[in-house]
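First to last, the protein sequences are chains A and B.
Note that our numbering has the first sequence beginning at 1, numbered continuously upward.
Note that our numbering has the second sequence beginning at 1001, numbered continuously upward.
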Amino acid sequence: MNYLPNTDKDRQEMLKTIGVKSIDELFADIPPALRMKRPLNLPAGMSEWELQKHMRELAAQNKNLTEYACFIGAGAYDHYVPAVVRHVLARSEFYTAYTPYQPEVSQAVLQSIFEYQTMICELTGMDAANASMYDGASAAAEAVTIAAGLTRRKVALVSRTVHPETRETIRTYAAGHEIDVKEIPMKGGITSVEDLKAMLGPEVACLVIQHPNFFGCLEPMREISGLAAAHGATLIASVNPLSLGILEPPGEYGAEIVVGEGQPLGNPLAFGGPYLGIFAVRNKYLRRMPGRLVGMTKDVRGQRGFVLTLQTREQHIRREKATSNICSNEALNALAAVVYLSWLGKEGLKELALLCAKKARYLRERIARIKGFEISFNAPVWNEFAVKCPVDPEKIVKSLLDRRILAGYPLGRAYPELKDHLLIAVTEKRTREEMDALVSGLEGLV
Amino acid sequence: MRLEPLIFEYSRPGRKAYSLPALDVPDASIDELIPAEYRRKTDADLPEVSEVDVVRHFTKLSQLNHGVDIGFYPLGSCTMKYNPKVNEEVANLPGFTELHPYMPEELVQGALKLMYDLQTYLAEIAGMDKICLQPAAGAHGELTGINIIRAYHRSRNDTKRTKILIPDSAHGTNPASGVLGGFTTVEVPSDSRGGVDIAALDKLMDDTVAGLMLTNPNTLGLFDENIQEIERIVHSRGGLLYYDGANANAIMGICRPGDMGFDVMHFNLHKTFSTPHGGGGPGSGPVGVKKHLIPFLPVPTVEFDGKRYYLDYDRPQTIGRMKSFYGNFLVMVKAYAYIRALGADGLKKVSEDAVLNANYLLRRIVGYYDLPYDRHCKHEFVVNPARIKKETGIHTMDISKRLLDYGVHPPTNYFPLIVDEALMIEPTETESKDTLDYFADALIAIAKEAYEDPEKLRGAPHTTVVGRLDEAGAARNPVLRWVREGSQAR
């Protein structure tokens, strides 16, 4: 296959118009020493049917979540994706378009982003949201560089309860800006406020706090926010957008930049991507915000319309003076989010957040009663919690595979001090039967 | 076609689209679940709509957009080629979509094998020694590469290299990536043939320069014939060469960045390898490196020990992580399918026809539009309406807007910056001669209209659902979210 429409006759006519004898002549300016003298060493091409067959075989070499009960969360969650999301995303007017540089023929992409921006502002209580970042981790990293730029301070405090991969990404980005990233210790599964107090000072640009944090625990955001404000440091809150069906919007407790992994909003787990990064700010950060922004305006006929706006922040205008280098983003994943949130609506979002909390509570209580197991931390949780196990969590995960259960995320992988602890997430998809099976599986191991 | 209300404007209290599974565990009060001090006091004001409202809204909205499936989309440097439908189908297989990134490796051997093989194929196409699939887009790949360059020099205690050289024709992401990676950027001028000015490079390249970022063919669609001399100058003075793969659609199977001497590069899977652009994303920007830079690649890499595929986190000199997990996996699935469908022969034909199409289109319109660098181009070219502008006052913007009335997407406008009023045209290989002829005829007709009826161009587009939009007003008074009538904007 090659998807090429031109016939050899077309090619001959085109060469004649160009005034050359062969296609090869068009490559004559490439120094001969650099021309490939052999074909690329790749498998031979296939027909569409052969490709389908090959891809199905490859897919079948994976065990997928339609066959397993997934209690792994740790930053990516097994929520149900309604059929409407897939069907809207399959509209090729959306998926075969690019960045809406020509607004007159891009109102679909522009308006859907405007709707997305509105919904993210509603969830987070912030003034403005961009059209998406690559994922939650890179969104947090760019938030840190922006806060450092605005405050002209060089220290970022990141709680140890923030997702380990987000912390790593922040460090990678910070290295280029010579921002000193310091980790705020944790205590009882949440950020240690005592340590935070000792670490705050005039050199601190920002704090990054995840809420609910990596262990599922709720953080004392109001207290932390007060401390940040007292020292002129920017509070960056990293959130799970679905938790905001029930939890206080970050704008109300004083966060100035909100980031988060948007995957739970209608995006499949897909082995880690593509997801989308949520990025929302208070107005004072608006002109430093990375990424695309859509604004409402009028056309020459007086009709409402939408355009990319405040583009002087962006790399294609500002080049080396841009606030970020992001160009392609995760627009189609943001479309999934806006369709999903439309489907859920005001009531659905709240109900779903509550349902996850109720199911998580059931499982947490049942596991707490198994001899040898205990709940790791006392802080309140929403949909995820850690348990201390009498058996190596890696062993637990392995042995429950036979029962078609993915038991959770062994915390020892990222926290040596928590090597006996297992992180368990519960979405609306986990049935009582599955949870009971997990419990009986755990009971069978002690 | 009509404008579509906002989804919020369809909202009616109590209307629902969602369905959730019934509660099958003992109920608990909200106070038992989440203490009041953590809870929100007012609901998020999401729309209350039915499922059919959702479907009709987004379907009607979709009809207001141009896409590759609707018509020609010759946006320069964006490679808006046809997105094969089979790739969409296979990427939707549950064996790919229903995988948690932290599933035990033994359960996801198919996914890891796909990634490993894709790394191998891309390395062969690039002439590089190893590929990392983690970056989520081209600019993300650039930043990864810049971080690798910084880490390389630091590993040699060579700390005085604080600058990155970037040609004045470069994509805007290049200077932004350089700065984000902690460097200052220095612009290298172009010569009269559109390539890097060798004398200027020779002067700028010293021991404070970490590397040069180059796109070849460049944004003018021109292959830099002096690439070997550029390579010699940069490498002999301790710098590294970065290849921006945005224009790789011109070179597959013909020449390779690795053979040209580049040390590190990125591909855009959403350009060269046919994965859809999604209205702005998701993309994927794999980074390839030569042997001496392998230790600095992001973690984790995908490896194979002869029996099983696995993720390798144990890389002491790594620059770290560029994002969570392993990259935009479903985009990788589509690019993998594309490479397997085409094979070596097919990919070479892609580049040949991409270059043929661009040169044909160029020759069809030259004479009506000015060509600042009169050479054979590669996969794209840049013209401008210099004479038209001088004689009629018509701008590139007017021409582009008028093209919309002809049912095609305009080229990239006003870029590269080194050409006044640039129109940057990349037809891609998946367009037929007939489509190119239609587009050329439209451009020629518009060139004539500029003289005969310039107001028609200044007022264009006439046939789209909205006319020209007040962008200055949008920036002066930003309205970035919808606010319910009567409610207080936050």
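In this text, a Cβ means the ideal position worked out from N, Cα and C, and glycines have one as well.
The structure displayed is predicted, hence computed values, not measured ones.
Secondary structure note for Ala1210 (chain B): its beta strand (DSSP E) is the uninterrupted segment 1209-1214. Within the segment 1090-1140 of chain B, the runs of beta strand (DSSP E) that reach at least 3 residues and sit entirely inside it are, in chain order, 1130-1132.
Among the residues of the segment 1441-1463 of chain B, those with a Cβ less than 7 Å away from any Cβ of chain A are Pro1461, in the order of the chain.
For Phe279 (chain A), the enclosing beta strand (DSSP E) has its first and last residue at 277-281.
Under DSSP, Phe27 (chain A) forms no beta bridge with any residue. Each residue's CA atom was taken as its position, placing Pro268 (chain A) and Asp135 (chain A) some 14 Å apart. Residue contact with chain A for Gln1228 (chain B): present (Cβ-Cβ distance below 8 Å to some residue of chain A). Ile1425 (chain B) is bridged by DSSP to B:Leu1075, B:Phe1381. Of all residues in the segment 169-194 of chain A, those with a C-beta nearer than 9 Å to a C-beta of chain B are Thr169, Arg171, Thr172, Tyr173, Ala175, Gly176, His177, Glu178, reading in chain order. Annotation for Leu349 (chain A): the continuous alpha helix (DSSP H) segment containing it runs 331-368.
Assignment of beta-bridge partners to Arg1039 (chain B) by DSSP yields A:Leu247. Our two residues, Phe1325 (chain B) and Asn240 (chain A), have alpha carbons roughly 17 Å apart in a direct line. Per the C-alpha coordinates, the member of B:Met1260, B:Thr1301, B:Ile1254, B:Asn1413 positioned closest to Asp1345 (chain B) is B:Ile1254. Here DSSP, grouped into helix, strand and coil, assigns Ile424 (chain A) to strand. Looking from the CA of Ile30 (chain A), the closest CA among B:Arg1476, B:Cys1377, B:Lys1401 belongs to B:Cys1377.
Here Thr1219 (chain B) really is in contact with Ala1170 (chain B); their C-beta atoms are around 7 Å apart, less than 8 Å. Residue contact with chain A for Tyr1373 (chain B): absent (no Cβ-Cβ distance below 8 Å to any residue of chain A). Legend: CB atoms of the segment 7-34 of chain A lying less than 8 Å from CB atoms of chain B belong to residues Asp10, Arg11, Glu13, Met14, Leu15, Thr17, Ile18, Gly19, Val20, Ile23, Glu25, Leu26, Phe27, Ala28, Asp29, Ile30, Pro31, Ala33, Leu34.
If you draw a 10 Å sphere on the C-beta of Asn1477 (chain B), you find fewer than 16 other C-beta atoms in it, and that means exposed.
Of all residues in the segment 1312-1335 of chain B, those with a C-beta nearer than 7 Å to a C-beta of chain A are Ile1319, Gly1320, Arg1321, Met1322, Lys1323, Ser1324, Phe1325, Tyr1326, Gly1327, Asn1328, Phe1329, Leu1330, Val1331, reading in chain order. Within chain A, no C-beta atom comes nearer than 9 Å to that of Ala1210 (chain B); the closest sits roughly 12 Å away.
Within its own chain, the residues whose Cβ lies closer than 6 Å to the Cβ of Ala129 (chain A), once the five positions on either side in sequence are excluded, are Gln117, Ile120, Cys121, Ala280, listed in chain order. Within the model, the alpha-carbon separation for Asp1405 (chain B) versus Ser92 (chain A) is close to 21 Å.
In this structure, His177 (chain A) keeps its C-beta atom at 8 Å or more from the C-beta atom of Lys429 (chain A). When B:Val1049, B:Arg1402, B:Ala1210 are compared, the shortest CA-CA separation from Asp1453 (chain B) is found for B:Arg1402. When the alpha-carbon of Tyr1310 (chain B) is set against those of B:Asp1117, B:Arg1161, B:Ile1007, the nearest one is in B:Asp1117. If you draw a straight line from the Cα of Thr172 (chain A) to the Cα of Leu308 (chain A), it comes to about 29 Å. The DSSP assignment places complete beta strand (DSSP E) segments of no fewer than 3 residues inside the segment 1189-1256 of chain B at 1209-1214, 1240-1245, in order along the chain. For the set A:Met221, A:Ala28, A:Val338, A:Thr7, the Cα lying nearest the Cα of Leu242 (chain A) is the one of A:Val338. Collapsing the DSSP output to three states places Cys206 (chain A) in a strand. Against chain A, a Cβ distance below 8 Å from Ser1432 (chain B) picks out Pro5, Asn6, Asp10. For Thr1059 (chain B), no pairing in a beta bridge is given by DSSP. Among the CB atoms of chain A, none fall inside 8 Å of the CB of Arg1012 (chain B).
In the three-state reduction of the DSSP assignment, Tyr1313 (chain B) falls in the coil class.
Within the segment 1357-1402 of chain B, the runs of beta strand (DSSP E) that reach at least 3 residues and sit entirely inside it are, in chain order, 1381-1383. Sixteen is the threshold: since fewer than 16 other Cβ atoms of the shown chains lie within 10 Å of the Cβ of Arg287 (chain A), the residue is exposed.
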